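Novice: This note's numbering applies: residue 17 is where the sequence shown begins, and numbers increase by one. Glycine residues also receive a C-beta, built at the ideal position from the N, C-alpha and C atoms. Since we're looking at a predicted model, the values are computed, not measured.
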Amino acid sequence: MKITIFGTGYVGLVTGACLADVGHHVLCMDVDQAKIDKLKNGQIPIFEPGLEDIVKHTVEAGRLAFTTDVEEAVQHGTLQFIAVGTPPDEDGSADLQYVTAVAKSIGQYMDDYKVIVDKSTVPVGTGDKVKAAVRGQLDSRGLELEFDVVSNPEFLKEGAAINDFMKPDRIIIGTDSDKAADVLREVYYPFNRNHDRMIFMDIRSAELTKYAANSMLATKISFMNEIANLAERLDADIEAVRRGIGSDPRIGYHFIYPGCGYGGSCFPKDVQALARTAKQVGYDARLLNAVEAVNYAQKHVLFDKISHYFGRDLKGKVVAIWGLAFKPNTDDMREASARTLMEDLWKAGATVQAFDPEAMEETQRIYGDHEGLTLCGTKEQTLRGADVLTICTEWKEFRSPDFAAIASALREPVVFDGRNLYEPEMLERHGLIYYAIGRGRNQFHS
17 MKITIFGTGY
27 VGLVTGACLA
37 DVGHHVLCMD
47 VDQAKIDKLK
57 NGQIPIFEPG
67 LEDIVKHTVE
77 AGRLAFTTDV
87 EEAVQHGTLQ
97 FIAVGTPPDE
107 DGSADLQYVT
117 AVAKSIGQYM
127 DDYKVIVDKS
137 TVPVGTGDKV
147 KAAVRGQLDS
157 RGLELEFDVV
167 SNPEFLKEGA
177 AINDFMKPDR
187 IIIGTDSDKA
197 ADVLREVYYP
207 FNRNHDRMIF
217 MDIRSAELTK
227 YAANSMLATK
237 ISFMNEIANL
247 AERLDADIEA
257 VRRGIGSDPR
267 IGYHFIYPGC
277 GYGGSCFPKD
287 VQALARTAKQ
297 VGYDARLLNA
307 VEAVNYAQKH
317 VLFDKISHYF
327 GRDLKGKVVA
337 IWGLAFKPNT
347 DDMREASART
357 LMEDLWKAGA
367 TVQAFDPEAM
377 EETQRIYGDH
387 EGLTLCGTKE
397 QTLRGADVLT
407 ICTEWKEFRS
417 PDFAAIASAL
427 REPVVFDGRN
437 LYEPEMLERH
447 GLIYYAIGRG
457 RNQFHS
């Protein structure tokens with residue numbers, strides 16, 4: 017099938033590449049000329065394991081192409097996927113200006129039947145707005161062309177997006193059109209052969225499903241962080257508690273790891289957007305607001321521990337940070353806990369020496385030549401001249417470091433672990449003082 021993807025960000029590029037990989041002919045459109053030029057030259061703007069290889073071979077096979085020409089994009093595909101950004105507005109609600117702009121463009125240039133698919137994470141009711149935008153453009157052209165609007169939210173984990181797309185847990189399709197449903201069945205047939213993963217529902221329910229899924233996962237994380245903070249005050253070990261409750265199949269082990277807060281492009285934005293949606297319809301979403309509030313506070317926990325250790329005087333201190341991306345296997349720093357920590361440290365007069373396996377360029381792009389930041393080529397280089405070490409991202413290469421070398425290199429043999437990578441006894445044997453999240457009373461400060 018011929019498919020158009022509007023937006024070559026994380027969702028759009030992964031979707032386009034994976035659909036092309038199974039044989040569809042995909043044209044990805046973006047208004048960013050520089051980004052399109054890079055993609056045409058084989059340069060991938062994001063880090064996602066496996067994505068570069070798929071893009072390369074599908075482009076070479078002639079099934080994946082890139083353009084900035086809106087009219088060409090609309091003319092290309094029967095299916096028009098909208099995968100543009102929906103950044104939070106000033107009040108936390110999702111900003112739909114880019115989604116609406118694409119819908120208007122489709123209405124402006126379409127001349128036959130189209131299935132318009134909302135792939136972006138959008139508030140409940142967006143399908144109606146997309147339909148109205150397309151219809152408005154057609155009316156202004158004096159045309160009555162058939163089209164359908166479908167909600168098909170993505171459920172991709174950064175760092176595992178290719179596998180998630182190729183082997184989905186579920187494929188949610190929100191539509192009131194049998195014709196559109198048949199088209200989507202054909203599109204997703206290659207991903208749906210072993211058993212039927214497609215779940216059909218109305219558009220509004222599909223839109224809410226995406227927000228509900230992310231908000232549920234964020235709730236589990238904030239709940240566990242709340243219990244971890246309580247464990248510190250009760251002299252309990254959150255890792256033992258985690259294993260104890262995770263063994264209950266009704267709870268499970270997924271998303272119950274305590275830490276220094278969640279980040280990324282989805283959880284913070286989606287929890288806020290759903291809470292604002294609730295407010296707009298007169299409902300006080302107290303749990304969602306609490307999830308957001310707990311996460312906001314949790315992002316400052318590492319700074320609080322470091323500040324307490326140094327008697328609230330951080331002027332001139334040098335803090336080594338391992339991990340800058342919001343999670344492993346990505347270079348995405350949106351809402352990353354490391355950003356909160358660094359900015360807190362700078363305000364207190366400290367400087368940072370940091371390393372991340374993939375997010376160094378992104379850090380440079382965000383902060384430029386910040387006088388309080390030194391980006392190091394290896395994790396070991398961050399330790400030279402540093403007072404203490406802090407871990408913000410649980411990359412695999414951080415899991416088994418040379419603890420003796422860490423203790424020797426630091427001015428103060430102290431590790432602040434925001435991801436609970438290590439066992440306290442192990443670090444104590446190497447002469448390191450260890451502060452983690454929820455690992456007993458010695459972790460607590462008032």
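Cα-Cα, which of 308, 133, 194 is closest to residue 169?
Specialist: The shortest C-alpha separation from residue 169 is found at 133.
Novice: Helix, strand or coil: which one does DSSP assign to residue 293?
Specialist: Of the three classes helix, strand and coil, the one that applies to residue 293 here is helix, per DSSP.
Novice: At what residues does the beta strand (DSSP E) containing residue 34 begin and finish?
Specialist: Residue 34 -> not in any beta strand (DSSP E); alpha helix (DSSP H) instead, spanning 26–37.
Novice: If I measure Cβ to Cβ from residue 33 and keep anything under 7 Å in the same chain, skipping five residues before and after, which residues do I get?
Specialist: So the list reads 67, 70, 71, 74, 80, once near-sequence residues are dropped.
Novice: Excluding the 5 residues flanking residue 220 on each side, which residues of the same chain have their C-beta closer than 6 Å to its C-beta?
Specialist: Closer than 6 Å at the Cβ level, and outside the excluded window around residue 220, lie 140.
Novice: Does the contact criterion of 3 or more C-beta pairs under 8 Å hold for the stretch 335–345 versus the stretch 361–379?
Specialist: Yes, since at least three Cβ pairs between the stretch 335–345 and the stretch 361–379 fall closer than 8 Å, the two stretches touch.
Novice: Runs of 4 residues minimum, wholly inside the stretch 164–219: which ones carry the alpha helix (DSSP H) assignment?
Specialist: Taking only runs of at least 4 residues, the alpha helix (DSSP H) segments lying wholly in the stretch 164–219 are 177–182, 194–204.
Novice: Can you tell me whether residue 227 is buried or exposed, with buried defined as 16 or more other CB within 10 angstroms of its CB?
Specialist: Residue 227 is buried by the Cβ-count criterion.
Novice: Where does residue 373 land, buried or exposed, given buried means 16+ other C-beta within 10 angstroms?
Specialist: The residue is buried, with at least 16 neighbouring Cβ atoms inside 10 Å.
Novice: Which residues does DSSP list as the beta-bridge partners of residue 43?
Specialist: Residue 43 pairs with 20, 81.
Novice: How far does the beta strand (DSSP E) with residue 98 in it extend, from its first residue to its last?
Specialist: That run of the beta strand (DSSP E) goes 95–98.
Novice: Beta-carbon within less than 6 Å of residue 108's beta-carbon, same chain only, minus the 5 sequence neighbours each way: which residues are those?
Specialist: Excluding residues within five positions, the ones whose Cβ falls inside 6 Å are 288, 292.
Novice: Do residue 399 and residue 375 come within 8 Å of each other at the CB atom, strictly closer than that value?
Specialist: Not in contact: residue 375 and residue 399 (Cβ atoms no closer than 8 Å).
Novice: Cutting at 7 Å between CB atoms, please list the residues of its own chain near residue 237, excluding the five before and the five after it.
Specialist: These residues qualify, in order along the chain: 271, 278.
Novice: Note down, in chain order, each residue of its chain lying with its Cβ closer than 8 Å to the Cβ of residue 175, except the 5 sequence neighbours on either side.
Specialist: These residues qualify, in order along the chain: 64, 65, 343, 344, 345, 346.
Novice: Note down, in chain order, each residue of its chain lying with its Cβ closer than 6 Å to the Cβ of residue 124, except the 5 sequence neighbours on either side.
Specialist: 153, listed in sequence order.
Novice: If residue 276 sits next to residue 307, beta carbons under 8 Å apart, how far is it from one beta carbon to the other, in whole angstroms?
Specialist: Incorrect: roughly 16 Å between the Cβ atoms, too far for contact.
Novice: Got a sec? Which residues, its chain only, sit under 6 Å from residue 235 by beta carbon, not counting five neighbours each side?
Specialist: Within the same chain, residue 235 has close Cβ partners 307.
Novice: Give me the Cβ distance between residue 161 and residue 126, rounded to the nearest whole Å; I'm assuming they're in contact under 8 Å.
Specialist: Contact holds; Cβ gap of about 6 Å.
Novice: If you follow the beta strand (DSSP E) that residue 271 is part of, which residue opens it and which one closes it?
Specialist: Segment: none, residue 271 is in no beta strand (DSSP E) and carries neither H nor E.
Novice: Could you say which of 381, 401, 353, 103 lies nearest to residue 433 if we only look at CA atoms?
Specialist: Nearest of 381, 401, 353, 103 to residue 433, Cα basis: 353.
Novice: Residue range of the alpha helix (DSSP H) that residue 322 falls in?
Specialist: Per DSSP, residue 322 belongs to the alpha helix (DSSP H) from 317–325.
Novice: Using only alpha-carbon positions, find the residue among 178, 188, 179, 54 that is nearest to residue 135.
Specialist: Among 178, 188, 179, 54, the Cα nearest to that of residue 135 belongs to 188.
Novice: Here's the rule I'm using: 16 or more other beta-carbon atoms within 10 Å means buried, otherwise exposed. How should residue 36 be labelled?
Specialist: Label assigned to residue 36: buried.
Novice: Give me, in chain order, the residues of the same chain whose beta-carbon lies closer than 7 Å to that of residue 18; leave out the 5 immediate sequence neighbours on both sides.
Specialist: Only 41, 92, 93, 94 meet the Cβ criterion.
Novice: With the cut-off set at 8 Å, would you say residue 404 and residue 322 are in Cβ contact?
Specialist: Yes, the Cβ-Cβ distance between residue 404 and residue 322 is below 8 Å.
Novice: State the Cα-Cα distance for the pair residue 104 and residue 166, rounded to the nearest angstrom.
Specialist: Each residue's Cα considered, the two are about 23 Å apart.
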